[in-house]
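In the working numbering, the protein residues as written are 1 to 312. Beta carbons: idealized from backbone N, C-alpha and C, even for Gly. Since the structure comes first, as structure tokens, the remarks are kept for the end.
Take a look at the structure:
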């Protein structure tokens, strides 16, 4: 008989956590809970799905009647058993995101402090949505995290769990459309003290084609693997502050990958931690990052008909 397995992870508090997994699972990659594992939507029993893009199009079609859904999973408080700090400042992040996304005509869905099973239910509901009239899908997670994993209110789960149900075989109405995941969370405990630098520059037609399943995804993370992600208890996190500011300024002018590059620069150059009473934590820097599996350019255009309801 196969023995049960244990998963040991060091979290952001420095505490070592032991998670117990039943036979047939393999630790963090299957990090659900000891209850029955929630099921993703069934795969589409088709060899083809219809897309609104030709193979050689340079830009994604962002001219659908609707912008699309944006879900914000906002986590401020956690079960006592996890021994995690309250994420002060995340309400500011969430409010700023709502206002920014509303101005871009997203339908914004906010869910606060969900347990894992509740988060899973929301993801399944979103995956079952008909996106035929929508440009894209945008999902945010604001939470504590460790490398390759995030915290719901009651437990942690693999990052991969967020996007696996949105592949074109499971969510055909999103085939060929951007699926964007943005995560504000730590990925470890390492610190980045930065380094002073000086600039020494003197001037200071095919109709049918096959696509892989894990294509048209874009992932942006507030920090790089292994490192802290900083958050101000009043103004919010470095990353979300920069993201909202750059998106508000530039979404009508630049494509999304360019805007995320601007965000990387802002986070790297304009922010540092302020903890003078804790010298090792004082004046620390941060590097945000993104990974693109996009096949075209995402360029948002203003919508003529508003679709910006906020659901709480």
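- The continuous beta strand (DSSP E) containing residue 134 extends over residues 134 to 142.
- Around the C-beta of residue 229, 16 or more other C-beta atoms lie within 10 Å, and the residue is accordingly described as buried.
- A direct Cα-to-Cα measurement between residue 116 and residue 296 gives close to 33 Å.
- By the Cβ neighbour-count rule, residue 291 is exposed, with fewer than 16 other Cβ atoms within 10 Å of its own.
- Inside the region 134 to 189, DSSP marks whole alpha helix (DSSP H) runs of 4 or more residues at positions 160 to 163, from first to last along the chain.
- For residue 108, the enclosing beta strand (DSSP E) begins and ends at 107 to 112.
- Taking C-beta separations shorter than 7 Å and ignoring five residues to either side along the sequence, the partners of residue 129 in its chain run 69, following chain order.
- Leaving aside the five residues that flank residue 97 on each side, the residues in its chain whose CB is nearer than 7 Å to its CB run, in chain order, 72, 140, 240, 244.
- A contact is defined here as three or more CB-CB pairs under 8 Å, and the region 220 to 235 meets this definition with respect to the region 179 to 197.
- Counting the other CB atoms within 10 Å of its CB gives residue 134 a total of 16 or more, which places it among the buried residues.
- About 21 Å separates the beta carbons of residue 90 and residue 107, which is beyond the 8 Å limit, so they are not a contact pair.
- For residue 291, the enclosing beta strand (DSSP E) covers residues 289 to 292.
- Using a Cβ distance threshold of 8 Å, residue 257 and residue 288 do not count as a contacting pair.
- Residue burial is scored here from C-beta neighbours: residue 58 has fewer than 16 other C-beta atoms within 10 angstroms and is therefore classed as exposed.
- When secondary structure is reduced to three states using DSSP, residue 265 falls in the helix class.
- Looking only at 103, 304, 61, the smallest Cα-Cα distance to residue 132 is reached by 61.
- Non-local beta-carbon contacts of residue 248 in its own chain, meaning distances under 8 Å to residues more than five positions away in sequence, involve 100, 103 in chain order.
- Here residue 88 is exposed, its C-beta having fewer than 16 other C-beta atoms within 10 Å.
- The beta carbon of residue 260 is closer than 6 Å to those of 220, 290 in its chain, skipping five residues each way along the sequence.
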